[in-house]
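One structure below.
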Amino acid sequence: MMKIFLIGFMGCGKSTMGKKLAVKLGYEFIDLDHQIEKSLDTTIAAYFSTHGEAAFRKLESETLKNFDYPANAVVATGGGAPCFFDNMEWMNANGLSVYIEMSAAALAKRLEGGKEKRPLLRDLNEAQMIEFIESKLLERDVFYKRALVTVNGISLTADAMRAMILSRQ
Ligand SMILES: Nc1ncnc2c1ncn2[C@@H]1O[C@H](COP(=O)(O)OP(=O)(O)O)[C@@H](O)[C@H]1O
Ligand SMILES: O=C(O)C1=C[C@@H](OP(=O)(O)O)[C@@H](O)[C@H](O)C1
Ligand SMILES: [Mg+2]
């Protein structure tokens with residue numbers, strides 16, 4: 001039984017690489033944000049604007065801890081998940097956490113086209129984006145650094161992730 005939790009800032013590739021890694025490992029892929037949207041029958045952006053971030057964080061933590069995981073799974077978490085409640089400790093106690101690390105500048109480039117579905121970014125202009133990412137990354141890095149494995153998100157491949165993970169088992 002193995003659960004791999006992918007963590008890292010918005011845009012580092014948790015959802016994209018998670019799907020590919022799951023195929024490589026023959027594990028199931030679970031995107032916690034998609035699970036939350038499915039259970040709410042609305043988007044995270046819409047939920048944020050009607051209920052606020054605190055309500056979302058509660059729901060996120062409950063989904064993370066109470067999801068009926070298959071035996072072997074690659075789990076893409078949301079970028080804020082490790083930074084609230086005891087979520088990071090829970091992940092480390094229940095699986096292998098993998099931090100996909102990237103610089104603020106590289107993240108800003110990646111996120112240019114993906115702002116709309118991310119409520120924390122959608123209202124920011126280009127200058128505000130880089131400023132926000134820099135300060136938020138600094139604040140969150142202390143949580144991300146508790147991951148059991150760290151990989152660099154630039155030119156990351158599913159094969160490289162697989163090799164890194166298998167070497168830890
Ligand atoms: N390894 C990668 N190389 C290049 N682009 C990537 C990579 N991983 C993700 N992307 C792109 O970056 C953007 C954000 O990816 P996504 O998987 O949604 O990130 P996250 O789930 O961590 O927020 C998407 O446009 C995706 O196509
Ligand atoms: O960093 C965050 O606080 C968030 C990241 C998002 O997921 P991605 O990291 O997959 O974009 C999503 O959970 C929500 O918009 C909040
Ligand atoms: Mg994602």
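At the far end of the sequence shown sits residue 169, using full-length UniProt numbering, and the numbering has no gaps.
Positions of the beta carbon are idealized from the N, C-alpha and C atoms, including for glycine.
Tell me which same chain residues have a C-beta within less than 6 Å of the C-beta of residue i, skipping the five on either side of it?
i    : result
V102 : In the sequence on display, residue 102 carries Met and not Val. Answer for M102: C12, G153, listed in chain order.
A108 : M129, I130, I133
A22  : F29, V74
Y27  : N72, A73, V74
E53  : none
A76  : L6, K14, S15, G18, D31
So the alpha helix (DSSP H) residue i belongs to, where does it begin and stop?
i    : result
T16  : 14-25
I36  : 32-40
K58  : 53-66
M161 : 158-166
Considering only C-alpha positions, which residue in the set the options is nearest to residue i?
i    : options              : result
T63  : A46, G8, M91         : M91
G95  : D33, Y47, L121, R146 : R146
Y99  : L156, S39, Q169      : L156
R140 : L121, C83, D33       : C83
A45  : S135, R122, N87      : R122
S61  : Y47, F48, Y69, G80   : G80
Within its chain, find whatever has a CB closer than 8 Å to the CB of residue i; leave out the 5 residues flanking it on each side and keep chain order.
i   : result
K43 : What sits at residue 43 in the sequence shown is Thr, not Lys. Result list for T43: E37, K117, in chain order.
Which residues in the same chain have their Cβ closer than 7 Å to the Cβ of residue i, if we skip the five residues on either side of it in sequence?
i   : result
L59 : I36
Helix or strand or just coil, what does DSSP make of residue i?
i    : result
A147 : coil
M10  : coil
M88  : helix
I154 : coil
Go to residue i, then tell me how far its beta strand (DSSP E) extends in each direction, as first and last residue.
i   : result
A73 : 72-76
Which runs of the alpha helix (DSSP H) fall wholly inside the stretch 95-132 and span at least 4 residues, in chain order? 104-111
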